[in-house]
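Chemist: Counted from 1, the sequence shown has number 161 at position 120 by the working numbering; the numbering is strictly sequential. Pasting in a structure now, in structure tokens, and then I'll have a few things to ask.
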Amino acid sequence: MKRVLVVDDDRLVADTLTLIFEKSGFTAKAAYSADQGLECSREFVPNLLLCDVTMPGRDGLSLVSDVTRELPACQILVLTGFYSNLKNVREQTGKLSRPVGILTKPCQPSELLREAAALLATA
């Protein structure tokens, strides 16, 4: 069974996304900050990291960088609610050693699951 780690500082968003994945047959876990997400990723070892970009303290892109280095097999999908931030997110993720999926919030569960499945299929 595929493991998904959802990281978002908005607890309702993180918990809802976790539930969407669980209802679709994934083992899913939520974390509410980049630091908590990194700690959790080391224990949970997800196949997919789904994380928000803009969070207080460390942002999601720093978490993506750490997970890319520490868990090279983990696929990554980032979410941003700020369309003005999209260009910067694309530039930052383009510097990584592998492709990163990018979705904007709000997104439909079907779109989220389709993108997640596509990333996991390339693993």
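The C-beta atom is built at its ideal place from N, Cα and C for all residues, glycine as well. This structure is a prediction, so every number in the text was calculated from the model and none was measured.
(1) Would you kindly work out how many angstroms separate the C-alpha atoms of Leu-112 and Ile-61, rounded to a whole number?
(2) Quick check on DSSP: helix, strand or coil for Ala-114?
(3) Give the DSSP-derived three-state secondary structure of Val-94 in the structure shown.
(4) List the endpoints of the continuous beta strand (DSSP E) containing Gly-142.
(5) What does the alpha-carbon distance come out to for the pair Leu-79 and Asp-50?
(6) Report yes if the C-beta distance between Phe-85 and Lys-64 is below 7 Å; otherwise report no.
(7) Whole angstroms are fine: how far does the CA of Gly-142 sit from the CA of Gly-98?
(8) By Cβ distance, which residues of its chain are closer than 8 Å to Pro-87, with the 5 residues on each side in sequence left out?
(9) Quick check: what's the CA-CA separation for Leu-161 versus Ile-117?
(10) Let's see if you can read the secondary structure: which residues bound the alpha helix (DSSP H) around Thr-59?
Modeler: Taking the coordinates as given:
(1) Indexing the sequence shown from 1 puts residue 112 at position 71. Indexing the sequence shown from 1 puts residue 61 at position 20. About 24 Å.
(2) Indexing the sequence shown from 1 puts residue 114 at position 73. Three-state DSSP puts Ala-114 in coil, outside helix and strand.
(3) Working through the sequence shown from its first residue, we reach residue 94 at position 53. Looking at Val-94 - three-state DSSP - the assignment turns out to be coil, as it is neither helix nor strand.
(4) Indexing the sequence shown from 1 puts residue 142 at position 101. Looking at the DSSP string, the run of the beta strand (DSSP E) that includes Gly-142 is 142-145.
(5) Taking the sequence shown and counting its residues from 1, the one referred to as residue 79 is at position 38. Taking the sequence shown and counting its residues from 1, the one referred to as residue 50 is at position 9. The alpha-carbon atoms of Leu-79 and Asp-50 are separated by roughly 13 Å.
(6) Within the sequence shown, the letter at position 44 stands for residue 85. Within the sequence shown, the letter at position 23 stands for residue 64. Contact: no.
(7) Residue 98 sits at position 57 when you count from the first residue of the sequence shown. Residue 142 sits at position 101 when you count from the first residue of the sequence shown. So the two alpha carbons sit approximately 23 Å from each other.
(8) Position 46 of the sequence shown, counting from 1, holds the residue named residue 87. Counting only Cβ-Cβ distances below 8 Å, and skipping sequence neighbours, we find Arg-44, Val-45, Leu-46, Lys-70, Leu-112, Cys-115.
(9) For the purposes of this step, residue 161 is taken as residue 120 along the sequence shown, with counting starting at 1. For the purposes of this step, residue 117 is taken as residue 76 along the sequence shown, with counting starting at 1. Roughly 9 Å between the two C-alpha positions.
(10) For this step, residue 59 is matched to residue 18 along the sequence shown. Where Thr-59 is concerned, the enclosing alpha helix (DSSP H) stretches over 52-64.
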